[in-house]
Amino acid sequence: MPVSHQNRKTPVTLLAVSIGLALQMGAAAHAQEATPAGEGAAQEAVDTTLDTISVTGYRASLEKALDIKRGEAGVVDAIVAEDIADFPDMNLAESLQRIPGVSITRDGGEGRNISVRGLGPQFTRVRINGIEALATGGGTDTAGGVNRGRGFDFNTFASELFSQLVVRKTSSADVEEGSLGATVDLRTARPFDYDGFTMVVGGQASYNDLLKETDPRGTFLISNTFADNTIGALLSVAYTDRKVIEEGSDSVRWWTAQSGTNFFNPSSPYTAALSPNVFHPRIPRYNVYLHDQERVGVTGSLQFKPNDATELSFDALYARFDANRYQDNINAVSFSRTNAAGKQNTIVRDGEIDANGNLVYGLFDNVDIRSEGRYDEQTTEFKQWGAELRHRFSDSLSMHALLGGVKSTYENPIQTTVIMDKFDVDGYSWDYRGNSRLPVFNYGNMDPLDPNGWTLAEIRLRPQSTTNEYDAQQIDLTWIASSYFTLKGGVHHKDYTFESREWRRSSETVVPAMTSATLAGLLRQFGTYGIGAGGVNRWLVPDVNAFQQALGIHDGTGIYQVYDNLSSLAANNRTVNEKSLGYYVQGDFNFDIGAVPVRGNVGVRRVDTELTSDGWSFVGGVPVPTRVVHEYSDTLPSFNLAAEITPDFVVRLSGAEVMTRPNLGFLNPGATVSASGGAFTVTTGNPKLEPFRAKTLDLNLEWYFTNEALLSLGVFYKDIDSYIQNSRETRPYNTSGLPNELLNGTIATPEDIFTFNQPLNTPGGELRGYELSYQQPFTFLPGFWQDFGVQLNYTYVDSDIQYLSSAGVPTVKGPMVGLSKNAWNATLYYDNSKFAARVSAAYRDEFVNTIPGREGSDVEATSEFTTVDASLSYNVTDKLTISLEGLNLTDEWTDMWMDTAGDRSIAYTHTGRQYMLGFRYKF
20 MPVSHQNRKT PVTLLAVSIG LALQMGAAAH AQEATPAGEG AAQEAVDTTL
70 DTISVTGYRA SLEKALDIKR GEAGVVDAIV AEDIADFPDM NLAESLQRIP
120 GVSITRDGGE GRNISVRGLG PQFTRVRING IEALATGGGT DTAGGVNRGR
170 GFDFNTFASE LFSQLVVRKT SSADVEEGSL GATVDLRTAR PFDYDGFTMV
220 VGGQASYNDL LKETDPRGTF LISNTFADNT IGALLSVAYT DRKVIEEGSD
270 SVRWWTAQSG TNFFNPSSPY TAALSPNVFH PRIPRYNVYL HDQERVGVTG
320 SLQFKPNDAT ELSFDALYAR FDANRYQDNI NAVSFSRTNA AGKQNTIVRD
370 GEIDANGNLV YGLFDNVDIR SEGRYDEQTT EFKQWGAELR HRFSDSLSMH
420 ALLGGVKSTY ENPIQTTVIM DKFDVDGYSW DYRGNSRLPV FNYGNMDPLD
470 PNGWTLAEIR LRPQSTTNEY DAQQIDLTWI ASSYFTLKGG VHHKDYTFES
520 REWRRSSETV VPAMTSATLA GLLRQFGTYG IGAGGVNRWL VPDVNAFQQA
570 LGIHDGTGIY QVYDNLSSLA ANNRTVNEKS LGYYVQGDFN FDIGAVPVRG
620 NVGVRRVDTE LTSDGWSFVG GVPVPTRVVH EYSDTLPSFN LAAEITPDFV
670 VRLSGAEVMT RPNLGFLNPG ATVSASGGAF TVTTGNPKLE PFRAKTLDLN
720 LEWYFTNEAL LSLGVFYKDI DSYIQNSRET RPYNTSGLPN ELLNGTIATP
770 EDIFTFNQPL NTPGGELRGY ELSYQQPFTF LPGFWQDFGV QLNYTYVDSD
820 IQYLSSAGVP TVKGPMVGLS KNAWNATLYY DNSKFAARVS AAYRDEFVNT
870 IPGREGSDVE ATSEFTTVDA SLSYNVTDKL TISLEGLNLT DEWTDMWMDT
920 AGDRSIAYTH TGRQYMLGFR YKF
């Protein structure tokens, strides 16, 4: 895989050297005299000031989060570090799901993406220290595979690198555009957050009860202020080594037993299975994944405060996430082959069909058995730097400037699958009758552990990579016109580039001639860990590493050479560049209406976007470079109003027009043009898409009825004016924005009518819901009980979106993809000066993954799930803390299925429980 590497000094490297020198100087000064940081020095990139980040315990963390929420004009929720370099959860996504309206999706047993109020990951923007960022990686095929979209992969980072998360659910003119769901602000620690010299070290041993192995995890932070508290330096490091088993059954969807060339042998004795109303699994199998992950994160910060009017901060973040993965399975591939050698040759000896038309038991002859061994090497490398200046020209006029860059690179240089087959096995059976999710397989006259008789069928080499890069600059001015009114204005510029590459062999079925005995020497055994799989739970699979050693399949030569100009790869070899210029004006107000204090803001934001999309089109099999340029503009008014009806009761009302740019997968300019006879078709992306656009309205009632307590109700409504779906329509070629040169060599002209298969802007629909939240320490109880407390929230969301069929015809109205109608979180905690404990449960209702579903189903969806976590910690001394944590204590299974009436399993997997024993020491 031709990936270039440049060894050059990045801003991250230079800042790290500077911090190291500064901390060395500061540590020497500390040995003589410790100097506390100047009062009021800490200033956040997200415009939220805390008294101190050094909180002590879960209860104090909740109190700080409430302070942030209460002080904002819009609807905001926050999570704050429990202590220095000690976030409440192992993973950022796991922490975010504690916030009302936030749900997560998992990959490999840990949170990967978030949805906010029913809107999926692509509708949420993430900023790190005020700069928009996008970290992407790879996952299992059922979990979405390689992330080539706008959704942020939170599993890239260790949570200890961050001191707080802020989720902004309403919009204001001074916050950049791009979110229909929420803007999530992640903030790393800065030296002025702490008083003078601070150093913390921590470690954990993590144990997975399926794999039965122990892995290390560690964190380190050092910070100091010196030169009369005008200079500060901070460095933090986090490391995680994690191995996890994921196992379960997989069907690769169910489909009809009889349709066109898709049919069983007509001589089958069990004739009921020949009906087109009967459905069966396409590729029934058990999958076993071994996730071998290593996560490293480093943050650095330098701060300068030469006087009370000026503060300059330099921040850097580096993260590297290595996620290697083995995936092994053995399956009955005949049922997905619609040819004479496949399903048409398969005889159904016996069976049973349930009331939903599912062939839940089948006994078959002439079945081809396939064994697949896959190995992935994956690395996500994330780099960000930022420089922030705050300067007050006078008591009424101040400036904020921010300059920074982000680069996230995902590389998958090895994605290799080696496949072998055994043909015409008799007596093969599946049985879903005892468990519709975990079937029993019997392999008839084939011994799954017999290395003889296999045939090498395919060698798939599919290296790939993606890059996301941001350059951002902004400047904001604030004028305090009076004690009642403040005027703000600013200009924000972003230059974003996305690049995707993929390579493959020209033919994956071209394999070296190999005897059965030679092939037998390149195999290994695999099996399940926590499930019996019907008694047969060990099989043979090709060993990818053995094939590399024997054949050099990763050397890129001969029959193993890979290419990036194949027509099948047009969708994944492309570049998108977006340049946006936004400018805004906003008025902040603070006055009394009678005895009621009222505060808030009203403003308008204008943003102009220029999009350039480069890719490949294929005409007659010949690749042609294709570029499409598109420009669009948005004017986005907003307001946020907060009225303190009483000192403890706040009413908030917010409204805005918002937009989210089209998902990157829709913007592929590559097209396949076919013009033969009277059939003129174009299959393509659509770089001319307009953004998702919506109008939003929020009403929140918040009662802070005692210290550290809140009871709130929030109601929200979104009118989604513009949605994006794949569609088919007929129109002249010259209305598409594609170059006329793609028609060269065809009989068509630009004025001819073509059938376009591409994503289009379509009407959206309404989304509405409400959030309930309650939290309170039980300080009103006597003695021991006053150290308990509770945090509860519940969210209801519903939507009506008009969906189109593959032919572009309106079919059904249904919920938005990824939307769970019901979600709740509950935490019961105990916290005193010595001992702390908590148990948390998070529930997410079922949600749709695809609508309409494939294979004639109405939907493809994921079932509801509840995860339970717990933790204990004990302060041995003021400096030493020991802890014990348990994650996924109920070993929750992920259940993906299709068709509401048929309830047919797609994938059903689990990852086991995880326990962590650790310590933290503060110097």
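For the sequence shown, the numbering used here assigns the number 942 to the last residue and increments by one with no breaks. All residues carry an ideal CB built from backbone N, CA and C; glycine is no exception. Treat the numbers as computed from the prediction; the structure is a model and nothing was measured.
By the neighbour-count criterion, in which a residue is buried when 16 or more other Cβ atoms sit within 10 angstroms of its Cβ, Thr-913 is buried.
Look at Asp-172 here: in three-state DSSP terms it is coil, with no helix or strand label. Given a length threshold of 3 residues, each whole run of the beta strand (DSSP E) inside the stretch 172-198 is given here in chain order: 181-187. By the neighbour-count definition (other C-beta atoms within 10 Å, threshold 16), Pro-834 is a buried residue. For Val-297, there is no enclosing beta strand (DSSP E), as DSSP gives it neither H nor E. With a threshold of 16 other beta carbon atoms within 10 Å, Arg-557 falls short and is exposed. Contact between the stretch 197-204 and the stretch 131-148 is present: three or more C-beta pairs spanning the two stretches fall below 8 Å. Here the stretch 603-612 lies against the stretch 503-517, with 3 or more beta-carbon pairs under 8 Å apart. Around Tyr-345, the same chain offers Leu-309, Tyr-394 as residues with beta carbons nearer than 6 Å, after the five sequence neighbours per side are excluded. In this structure, the straight-line span from the alpha carbon of Arg-543 to that of Leu-559 is close to 6 Å.
Sequence-distant Cβ neighbours of Asn-110 in its own chain, meaning closer than 8 Å and more than five residues away, are Glu-129, Gly-130, Phe-173, Asn-174, Ser-178.
In the DSSP assignment, Ile-87 falls within the unbroken alpha helix (DSSP H) covering 77-90. Straight through space, the alpha carbons of Lys-262 and Tyr-934 are spaced by roughly 13 Å. Rounded to whole angstroms, the Cβ separation of Val-734 and Tyr-789 is 5 Å, and the two are in contact under 8 Å. The closest CA to that of Thr-768, considering only Ala-569, Tyr-579, Val-692, is found on Val-692. Going by DSSP, Ala-856 is part of the beta strand (DSSP E) stretching over 854-863.
Following the DSSP letters along the chain, one finds Glu-371 in no alpha helix (DSSP H) but inside the beta strand (DSSP E) bounded by residues 366-372. Counted as a single uninterrupted DSSP element, the stretch harbouring Val-878 is not any alpha helix (DSSP H), since DSSP gives it neither H nor E. The C-alpha of Arg-857 is placed about 7 Å away from the C-alpha of Leu-891. Taking 3 residues as the minimum length, the beta strand (DSSP E) runs contained wholly in the stretch 819-846 are 829-833, in order along the chain. CA-to-CA, the gap between Ala-152 and Asp-495 works out to about 20 Å. Excluding its 5 nearest sequence neighbours in each direction, Arg-520 has C-beta neighbours in its own chain below 7 Å: Gln-483, Ser-484, Asp-583, Asn-592, listed in chain order. The beta carbons of Tyr-429 and Thr-399 sit about 5 Å from each other, so the pair counts as a contact at 8 Å. With a threshold of 16 other beta carbon atoms within 10 Å, Asp-369 falls short and is exposed.
Nearest to Leu-205 by C-alpha distance, out of Asn-227, Tyr-213, Ser-182, is Ser-182. The stretch 339-366 contains no complete beta strand (DSSP E) run of 3 or more residues. CA-to-CA, the gap between Glu-518 and Tyr-337 works out to about 20 Å. Excluding its 5 nearest sequence neighbours in each direction, Gly-472 has C-beta neighbours in its own chain below 7 Å: Lys-441, Ser-535, listed in chain order. Using a 10 angstroms sphere on the CB of Pro-751, the tally of other CB atoms stays under 16, which defines it as exposed. Excluding its 5 nearest sequence neighbours in each direction, Gly-756 has C-beta neighbours in its own chain below 6 Å: Val-647, Lys-707, listed in chain order.
In this structure Val-701 does not touch Phe-608 by the C-beta definition: roughly 53 Å separates them, more than the 8 Å allowed.
Secondary structure of Gly-684 (DSSP, three-state): helix.
Note on geometry: alpha-carbon atoms of Glu-477 and Leu-716 lie some 55 Å from one another. The residues Thr-774, Phe-775, Leu-779, Gly-827, in chain order, have a CB closer than 8 Å to that of Glu-748 in the same chain once the five nearest residues on each side in sequence are set aside. Taking 8 Å as the upper bound for CB-CB distance, Ala-257 and Leu-321 are not in contact here, some 19 Å apart.
The criterion of a C-beta distance shorter than 8 Å is satisfied by Ala-292 and Val-367.
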